[in-house]
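Asker: Structure in structure tokens, see below.
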Amino acid sequence: MRIAVLVKQVPATEDVKIDNKKGTLIREKSEVETNPTDLTAISQAVRIKKTIGKGEVVAISMGPSSAIKTLREALSLGCDKAFLISDRIFAGSDTLATAKVLSRALQQLGPFKIILAGNKSSDGETGQVGPSVAMQLGLCFTTYVTSIEKVTDDFIVIRRLTETEYERIKLKLPALLTVTKQVCEPDLPSLRNKIRALELKIPILRATDLGIADSEVGLKGSPTKVMKIFRPKIFRKGKIIKVGNVRKAVKEILLFLEKQGVSSQW
Amino acid sequence: MVKQEHTDSIWILCEIKEGRIIEASYETISRAVLLSRKKKAKLCALALGYNIERRDLQGLIEMGIDEVYYSDDVRFAHSLPDDYVQITISVLKKHKPDIFIAAATTFGRTVMPAIAAGLNTGLTADCTDLDIDCKKGLMIQVRPAIGGNIMAVIETPLHRPQMATVRTNLVSLPNRTPNRRGKIKRINFFSSKNSEPCSEWLDSTKIGSKMPLDKAEIVVAGGRGLRKAENFSLIRKLADELGAAVAASRAAVDMGWVDYHHQVGLSGKTVTPRVYIAIGISGAVQHLAGISSAKSIVAINKDPSANIFKIADLGIVGDLFEIVPKLLQEIRKAKGRKR
Ligand SMILES: Cc1cc2nc3c(=O)[nH]c(=O)nc-3n(C[C@H](O)[C@H](O)[C@H](O)COP(=O)(O)OP(=O)(O)OC[C@H]3O[C@@H](n4cnc5c(N)ncnc54)[C@H](O)[C@@H]3O)c2cc1C
Ligand SMILES: Nc1ncnc2c1ncn2[C@@H]1O[C@H](COP(=O)(O)O)[C@@H](O)[C@H]1O
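Residue numbers (our numbering), protein chains in the order written: chain S, 1 to 266; chain Y, 267 to 605.
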């Protein structure tokens, strides 16, 4: 069984400062990491392959050349092959354009029985890429997968979490699933795989390799445009008490709750 | 030049669960009514479901929808995307709306990207605000970006429909105008011949939560300051005593101390309680994104410079392990006195 995993490299820092005069971002550290949920997806894919007993797991990432590091990590976690999809014309792609590129890559490198993606990236946070890829490839799909119960050559049974319930769904293969961090505990790389990851060649596919024109991707090929950015303003004026005295703190809280009408319900 | 031919209508997607339209969809109507006033556009709703409560469809008209398009079919009994997406795409291709929005629920976030891909248009996820740029006639879509540190203003200038999912629990439900007139039309579609669905719903288990977070009047939230899983029971106990719902920061959820559906913030829920009590939470912007419309906020944190104090109405600088047990004790005492 051939399984593909879509992995994204994201900024590792959560704090981004903004230059209030210029309205631009100050990214202090340009540290990067693999989107945490995608690491879970990789481990899950490797486990499915082990369960089935044969096949290969292919990691695919679209991004700048630094994303090689993410793909090496994928290999060290047990992926058999890795491909970087990289081209200057991809810069500025929104989710539709990104999904277009990834779909084309999956078509070229396929066929795959199962495609796994994270349910969200920690930077873009849209969760749109997975379903968009599924649609562009005409694949059966589901989202928010929290566990995989059964896999055969023809179908897969999963559990997923919605606002109100856990659902069990059976999907015919081929299918695309977006997984949550709950789906499994990510593995640690084995020494053997670590060494292999350093030795394996990671091919780079360019736009022309995939037959993608520059009108389809990047800023030109993205229907959504960022017009401007601003800093969210969240503040209120409150009362801050420093307490050396626990009793006083507790009294203040109870007083506050009473004022809000909370204790009247007791 | 706008690439897709379109009409002036604004459409919303009505999510239906067990025959009833969910409240989050009504919130999107509040949003859409505002947009339609500025655009002077017709408002339409798409409702695909099974055993749909007819009253709810009529209710849509009273809330300001001009035309309701619905289909009542067993294939929509569960929230499987397969036929849902295909049929929505064909309806939208026929009616060519200018704008199409849905609530950013797990369902909305699942079907909308597929629908957008099928229509080859853009989609902005998790908007906190929608508006109309009157000069350009475009929908302004505001969403948190770069991990919630900034807000981005996004437009879809050339593709139609302009699509967005909107965060729930942020605006009030629309007012009703009894006896408002509108059309309710059944959608006719032909099922394709080999339409054996590719996915199948097997069963589901409701997640038991004593107190739904997004409806709670009082919320007690815990963060990394609790240090370990066992200590999170302090939060649960306090919530129990106060009749409150339990919430958590992402740090606490990531640590596995509490389930994801308790997470409040940018990538969790938005809550609007009367009182939000944040305990051992630093107040990262991503967390604040979920509580900025709480009526009041109490924060307990030992670090006087913690960001949470910028937003708190009552801030207690102190050690939660001393304060919370004492607070529990006092509440129990006060209750005892009343009994
Ligand atoms: C894209 C993105 C989305 C995100 N979405 C969310 C989200 O939805 N929700 C969310 O919460 N976060 C979210 N985050 C994460 C967020 O940035 C913070 O990392 C997180 O909120 C921190 O949680 P915390 O306050 O519990 O932990 P910390 O920041 O570690 O804070 C712990 C606090 O506890 C205090 N403390 C420690 N010991 C004690 C004690 N004994 N008594 C009193 N106080 C004590 C400390 O002073 C500290 O202020 C997101 C991040 C990103 C990048
Ligand atoms: N540039 C990319 N390369 C590979 N996979 C991606 C890329 N962007 C998004 N994905 C996949 O789509 C998921 C959701 O991302 P997003 O839609 O950005 O929240 C991620 O967890 C990845 O699995």
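Here a beta-carbon is modelled for each residue, glycine too, at the ideal position from N, C-alpha and C.
#1: Contact criterion: CB-CB distance below 8 Å. Does V58/S meet it with respect to chain Y?
#2: Could you check whether the Cβ of K362/Y sits closer than 8 Å to any Cβ belonging to chain S?
#3: Is S76/S close to chain Y? Criterion is C-beta to C-beta, closer than 8 Å.
#4: At a cut-off of 7 Å, would you count S548/Y as near ligand 2, judging by its Cβ distance to the nearest heavy atom?
#5: Going along chain S in order, which residues have a C-beta closer than 9 Å to the C-beta of S533/Y?
#6: Confirm the yes/no value for this check: CB of M62/S, any heavy atom of ligand 2, distance under 7 Å.
#7: Below 7 Å CB to CB, which residues in the same chain sit around G384/Y once its five sequence neighbours on both sides are set aside?
#8: Give the straight-line distance between the Cα atoms of G489/Y and V299/Y, rounded to the nearest whole angstrom.
#9: Between F90/S and chain Y, is the shortest Cβ-Cβ distance under 8 Å, so that the two count as touching?
#10: Express the C-alpha separation of K242/S and S515/Y in angstroms, rounding to a whole number.
#11: Looking at the secondary structure, which residues open and close the alpha helix (DSSP H) in which K49/S lies?
#12: What residues from the stretch 409–434 of chain Y come within 8 Å of chain S, judged by C-beta to C-beta, listed N to C?
#13: Mind listing the chain S neighbours of R644/Y? Cutoff is C-beta to C-beta under 7 Å, in chain order.
#14: Indicate the three-state DSSP secondary structure (helix, strand or coil) for E31/S in the structure shown.
#15: Strictly under 8 Å for the Cβ-Cβ distance: is R540/Y near chain S by that measure?
#16: Anything in the stretch 94–122 of chain S with a Cβ closer than 8 Å to a Cβ of chain Y? List those residues in chain order, please.
#17: Quick check on this structure: which residue in A41/S, L139/S, P223/S and V179/S has the alpha carbon closest to the alpha carbon of T372/Y?
#18: My assumption, with CB atoms under 8 Å, is that T422/Y sits in contact with T95/S. Please give the rounded CB distance.
#19: Expressed to the nearest angstrom, what Euclidean distance is found between the alpha-carbon atoms of E2/S and V151/S?
#20: Locate the beta strand (DSSP E) running through R516/Y, then write down its first and last residues.
#21: Counting contacts by CB-CB distance shorter than 8 Å, is T372/Y in contact with chain S?
#22: Using a threshold of 7 Å, is the CB atom of A383/Y nearer than that to any non-hydrogen atom of ligand 1?
#23: Against chain S, which members of the stretch 460–486 of chain Y pass a CB distance test of less than 7 Å?
#24: Name the residue from G78/S, I158/S, L84/S and P232/S whose alpha carbon lies nearest to the alpha carbon of G63/S.
#25: Which same chain residues end up closer than 8 Å to V437/Y when comparing Cβ atoms and leaving out the 5 residues on each side of it in sequence?
#26: My assumption, with CB atoms under 8 Å, is that I563/Y sits in contact with D579/Y. Please give the rounded CB distance.
#27: Compute the minimum distance between the beta carbon of D585/Y and the heavy atoms of ligand 1, and state whether it is under 7 Å.
#28: At least one CB of chain S closer than 8 Å to the CB of A383/Y: is that the case?
#29: Determine, using beta carbons only, whether R168/S comes closer than 8 Å to chain Y.
#30: Here's a check: name, in chain order, each residue in its chain whose Cβ is nearer than 8 Å to the Cβ of L479/Y, leaving out the five neighbours to either side.
#31: Are the C-beta atoms of A511/Y and some chain S residue less than 8 Å apart?
#32: Please tell me whether Q44/S has its Cβ less than 8 Å away from any Cβ of chain Y.
#33: Alpha carbon to alpha carbon, what distance is there between V519/Y and R493/Y?
#34: Taking the DSSP output, what are the residues bridged to T142/S?
#35: How many Å lie between A41/S and G118/S at the Cα?
#36: Taking the alpha-carbon positions, what's the L255/S to V541/Y distance?
Answerer: Result, derived from the coordinates:
#1: no
#2: no
#3: no
#4: no
#5: K120, S122 and E125
#6: yes
#7: V351 and I355
#8: 38 Å
#9: no
#10: 23 Å
#11: P36 to I52
#12: P410, A411, I412, G413, G414, N415, I416, M417, A418, V419, I420, E421, T422, P423, L424 and H425
#13: The shown model of chain Y, from 267 to 605, leaves out residue 644/Y, and the question about it has no answer.
#14: coil
#15: yes
#16: D94, T95, L96, A99, K120 and S122
#17: V179/S
#18: Actually they are not in contact, since the Cβ atoms of T422/Y and T95/S sit about 12 Å apart, beyond 8 Å.
#19: One point to set straight first is that residue 2/S is Arg, not Glu, in the sequence displayed. Between R2/S and V151/S, the C-alpha separation is close to 13 Å.
#20: Unbroken run through R516/Y is the alpha helix (DSSP H), R516 to D520; no beta strand (DSSP E).
#21: yes
#22: no
#23: C464, S465, E466, W467, L468, D469, S470, T471, K472, I473 and I484
#24: L84/S
#25: E293, S296 and R297
#26: 5 Å
#27: yes
#28: yes
#29: yes
#30: V485, A511, V512, A513, H527, H528, V530, K535 and V537
#31: no
#32: no
#33: 12 Å
#34: L177/S
#35: 6 Å
#36: 13 Å
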